[in-house]
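Asker: Numbering (the numbering used here), first residue to last: 16 to 251.
We put the CB at the ideal spot given by N, CA and C, even for glycine.
Here the structure is a predicted model, which is why all the values come from computation and not from measurement.
Here it is, the structure, as structure tokens.
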Ligand SMILES: Nc1ncnc2c1ncn2[C@@H]1O[C@H](COP(=O)(O)OP(=O)(O)OP(=O)(O)O)[C@@H](O)[C@H]1O
Ligand SMILES: [Mg+2]
């Protein structure tokens, strides 16, 4: 079976000459469909850059990214927009909700941009994250954990094949963070959504099928976890 994600010799250099930063310096990785992968590494090691390049938010300066068999370099601007919109869910550290839209509007605006998902999908995504009774709340009237669950609902309403999370629980307390991770875990196990989650926490990494360690723009270790731990039992 075709891997969900394949990168080959992936490079991303920012700037030129003396000030050039090699944010990605030859990343070769394959992620199987349905895998839950955690990416660990020190600040500045290239984790966000890797997610952005895999998600088509940023373009590499060398090497290739294939997602579900499609080389992203073969897509034109419209094709890349369609890829991001229809196939990739993003969850960021700071929720990125639109403050002037309610929970359901925040989900719908993204769902409706992508093909075929609308009000019904938005509602069921919010129900799936346990917010079926908060559809009409504005972000300011939701706790941090609830806002992050809206962000997860927004990412899953379009039934993405790939979900990319950049410190999705970085701004949450332990209990709330565990709830959000439990939710991601369930979506991975039940819906088979391939997930790449960046975290600073070695404890969170225990929930993964596989842990990639990054340093200086490279993957320096790639560990398979034979017995992933349920998010609900993690302490950090
Ligand atoms: N737009 C940019 N312009 C210039 N340099 C950049 C840019 N984005 C990232 N970098 C540099 O690339 C390197 C990798 O950055 P990246 O954001 O991927 O790290 P990270 O592993 O996500 O770090 P953190 O854990 O702090 O979020 C860093 O040295 C960073 O300064
Ligand atoms: Mg980062």
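Would you mind stating whether residue 181 and residue 63 have Cβ atoms separated by less than 8 Å?
Answerer: Yes, they are a contact pair.
Asker: Could you spell out where the alpha helix (DSSP H) holding residue 102 opens and where it closes?
Answerer: Per DSSP, residue 102 belongs to the alpha helix (DSSP H) from 92-102.
Asker: Check whether the Cβ atoms of residue 161 and residue 146 lie closer than 8 Å to each other.
Answerer: Yes.
Asker: Taking C-beta to C-beta, are residue 39 and residue 232 nearer than 8 Å?
Answerer: Yes, the Cβ-Cβ distance between residue 39 and residue 232 is below 8 Å.
Asker: Measure the beta-carbon distance from residue 163 to residue 187 and round it to whole angstroms, keeping in mind my assumption that it falls under 8 Å.
Answerer: With 8 Å as the limit, residue 163 and residue 187 qualify as a contact, their Cβ atoms being about 6 Å apart.
Asker: Determine the DSSP secondary structure at residue 144, reduced to helix, strand or coil.
Answerer: It is coil, neither helix nor strand.
Asker: On the DSSP letters alone, give me the boundaries of the beta strand (DSSP E) that residue 64 sits inside.
Answerer: Per DSSP, residue 64 belongs to no beta strand (DSSP E); it is in the alpha helix (DSSP H), 62-69.
Asker: How big is the Cα-Cα spacing for residue 58 and residue 65?
Answerer: Between residue 58 and residue 65, the C-alpha separation is close to 13 Å.
Asker: Please enumerate, following chain order, all residues with a beta carbon closer than 5 Å to at least one heavy atom belonging to ligand 1.
Answerer: Result (chain order): 29, 36, 38, 58, 59, 60, 61, 62, 63, 64.
Asker: Which partner residues of residue 187 appear in the DSSP bridge assignment?
Answerer: According to DSSP, which records beta bridges pairwise, residue 187 is partnered with nothing at all.
Asker: Quick one: Cα of residue 74 to Cα of residue 27, how far?
Answerer: About 8 Å.
Asker: To which residues does DSSP link residue 180 through a beta bridge?
Answerer: Bridge partners of residue 180: 106, 212.
Asker: Looking at the structure shown, is residue 54 part of a helix, part of a strand, or coil, going by DSSP?
Answerer: It is a strand residue.
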